[in-house]
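Q: I have a structure I would like to understand better, so I am pasting it below and will then ask my questions one at a time.
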Amino acid sequence: MCCIEFLNVFVENEEHCDFVKLREAVLRTNVDALRERTHRVLYEAYRRERLRAMKVGDGDTGPKMMEAFAQKQREFIDEMTNKDKILREEFVARVNKKEEEMKRREELVSCYFSFLFFFF
Numbered sequence: 001m002c003c004i005e006f007l008n009v010f011v012e013n014e015e016h017c018d019f020v021k022l023r024e025a026v027l028r029t030n031v032d033a034l035r036e037r038t039h040r041v042l043y044e045a046y047r048r049e050r051l052r053a054m055k056v057g058d059g060d061t062g063p064k065m066m067e068a069f070a071q072k073q074r075e076f077i078d079e080m081t082n083k084d085k086i087l088r089e090e091f092v093a094r095v096n097k098k099e100e101e102m103k104r105r106e107e108l109v110s111c112y113f114s115f116l117f118f119f120f
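Below, the structure written as structure tokens:
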């Protein structure tokens with residue numbers, strides 16, 4: 001809604017203006033160009049950032065690109081292997097702790113029952 005000192009104009013109301021029809025016509029005729037430009041701009045920005053993060057230049061292709069990719073893949077595999085090893089160690093430690101706790105409780109229960117059976 002646009003406000004002028006003495007007048008309110010509802011741009012979405014077709015009785016007041018043809019803005020809705022104009023907007024639809026402009027979008028309808030330019031939607032492909034808009035979609036293509038948006039894709040190009042967003043994709044290129046994303047691609048540029050990914051290449052920069054991989055420390056590869058924008059014009060680098062071929063062997064250097066494949067070497068960078070292989071290096072990143074090796075780093076990722078090493079990182080995942082280390083995380084897996086750490087998680088397994090933590091899991092084993094938790095299991096051992098629970099087993100010790102269960103043994104301790106089992107001993108307490110057996111002592112309790114032997115005490116009860118001793119007096120009865």
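When we follow the UniProt record's numbering, the leftmost residue of the sequence shown carries the number 1, and every step to the right adds one. Here a beta-carbon is modelled for each residue, glycine too, at the ideal position from N, C-alpha and C.
Could you tell me the distance, in whole angstroms, from the CA atom of residue 89 to the CA atom of residue 36?
A: Cα-Cα distance, rounded: 51 Å.
Q: Using the three-state DSSP reduction, which class does residue 13 fall into: helix, strand or coil?
A: Residue 13: coil per DSSP, three-state reduction.
Q: Residues in the same chain with beta-carbon distance under 7 Å from residue 74, minus the five sequence neighbours each way, listed in chain order, please.
A: None.
Q: Is the CB of residue 89 under 8 Å away from at least one CB in chain B?
A: In summary, chain B is missing from the structure at hand, where a single protein chain is found.
Q: Residue 40 to residue 50, Cα distance in whole Å?
A: Approximately 15 Å, taken between the alpha carbons.
Q: Between which two residues does the alpha helix (DSSP H) containing residue 32 stretch?
A: Counting along the chain, the alpha helix (DSSP H) containing residue 32 begins and ends at 19-53.
Q: Using a Cβ-Cβ cut-off of 8 Å (strictly less than) and excluding sequence neighbours within five positions of residue 72, which residues of its own chain qualify?
A: So the list reads 54, once near-sequence residues are dropped.
Q: Compute the Euclidean distance between the alpha carbons of residue 12 and residue 20, then round it to the nearest angstrom.
A: So the two alpha carbons sit approximately 6 Å from each other.
Q: Tell me the rounded alpha-carbon separation between residue 117 and residue 108.
A: Cα-Cα distance, rounded: 14 Å.
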